[in-house]
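Peer 1:
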Amino acid sequence: MASRILIVEDSPLVTDAFSILFRESGYDVDVAGTVAQAVEVATARPADLILLDISLPDGDGLDVLQQLRDRNASPRVALAMTGHGDTRSRQKCLDAGCADVLLKPVRIGDLIRQIEHLLA
Numbered sequence: 003m004a005s006r007i008l009i010v011e012d013s014p015l016v017t018d019a020f021s022i023l024f025r026e027s028g029y030d031v032d033v034a035g036t037v038a039q040a041v042e043v044a045t046a047r048p049a050d051l052i053l054l055d056i057s058l059p060d061g062d063g064l065d066v067l068q069q070l071r072d073r074n075a076s077p078r079v080a081l082a083m084t085g086h087g088d089t090r091s092r093q094k095c096l097d098a099g100c101a102d103v104l105l106k107p108v109r110i111g112d113l114i115r116q117i118e119h120l121l122a
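Under my numbering, think of the first position of the sequence shown as 3, with each following residue one higher.
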């Protein structure tokens with residue numbers, strides 16, 4: 003059975019590109035563009051990995067992880083994506099339970115290798 007990745011990102015260009023890439027790599031993929039959608043999707047279809055944008059239209063992307071923990075629906079792994087490379091932003095993501103923090107723009111090859119490693 004293929005691992006499931008939930009992409010939480012409000013840019014359709016990014017979600018479309020990542021969806022195609024991950025499906026071609028053999029993963030099942032779900033997409034959400036808001037905190038509310040992400041919680042709804044991940045509760046209905048638990049993800050092995052959540053690729054999480056921190057800045058979403060309806061709030062802080064890290065709220066997704068807390069809401070899923072509250073529902074006992076936490077993913078096996080979470081990776082954060084942010085445009086802010088400062089130490090404080092990175093630490094906030096790690097403290098929230100992310101395995102790593104990726105700086106946008108994300109390098110696709112590095113992302114795939116990291117996902118393969120984390121889901122192995």
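Where a beta carbon is used, it is the ideal one built from N, C-alpha and C, also for glycine. Here the structure is a predicted model, which means the values were calculated and not measured.
#1: Does DSSP put aspartate 65 in a helix, a strand or coil?
#2: Can you give me the C-alpha to C-alpha distance between arginine 25 and valine 31, rounded to a whole angstrom?
#3: If you check the beta carbons only, do arginine 6 and aspartate 50 fall under 8 Å apart?
#4: Whole angstroms is fine: what's the gap from serine 13's alpha carbon to aspartate 55's?
#5: Quick test of your reading: aspartate 60 and alanine 80, contact by CB under 8 Å. State the CB separation rounded to the nearest angstrom.
#6: Give me the Cβ distance between alanine 82 and cysteine 100, rounded to the nearest whole Å; I'm assuming they're in contact under 8 Å.
#7: Which value, in whole angstroms, describes the spacing of the CA atoms of leucine 58 and leucine 121?
#8: What does the alpha-carbon distance come out to for the pair proline 48 and proline 77?
#9: Compare the C-alpha of glutamine 116 against each of Asp62, Ala46, Leu53, Leu96 and name the closest.
#10: So leucine 8 packs on alanine 44, CB below 8 Å; how close in whole Å?
Peer 2: Considering the structure as presented:
#1: In the sequence shown, the residue the question calls residue 65 occupies position 63. Residue state, collapsed to three classes: helix.
#2: In the sequence shown, the residue the question calls residue 25 occupies position 23. In the sequence shown, the residue the question calls residue 31 occupies position 29. Spanning the two alpha carbons is a distance of roughly 7 Å.
#3: The count along the sequence shown starts at 1 and reaches residue 6 at position 4. The count along the sequence shown starts at 1 and reaches residue 50 at position 48. Contact: yes.
#4: Numbered from its first residue, the sequence shown carries residue 13 at position 11. Numbered from its first residue, the sequence shown carries residue 55 at position 53. One C-alpha to the other measures close to 10 Å.
#5: Your numbering for residue 60 matches position 58 in the sequence shown. Your numbering for residue 80 matches position 78 in the sequence shown. 18 Å between Cβ atoms; not a contact.
#6: If you number the sequence shown from 1, residue 82 lands on position 80. If you number the sequence shown from 1, residue 100 lands on position 98. At roughly 4 Å, the Cβ-Cβ gap stays under 8 Å, so alanine 82 and cysteine 100 are in contact.
#7: Here residue 58 refers to the residue found at position 56 when the sequence shown is read from its first residue. Here residue 121 refers to the residue found at position 119 when the sequence shown is read from its first residue. Those two C-alpha atoms are separated by around 25 Å.
#8: The residue you call residue 48 lines up with position 46 of the sequence shown. The residue you call residue 77 lines up with position 75 of the sequence shown. So the alpha carbons of these two residues sit roughly 7 Å apart.
#9: If you number the sequence shown from 1, residue 116 lands on position 114. By alpha-carbon distance to glutamine 116, the top candidate from Asp62, Ala46, Leu53, Leu96 is Leu53.
#10: As a position in the sequence shown, residue 8 is number 6, starting the count at 1. As a position in the sequence shown, residue 44 is number 42, starting the count at 1. In this structure, leucine 8 and alanine 44 form a Cβ contact; the two beta carbons are roughly 6 Å apart against a cut-off of 8 Å.
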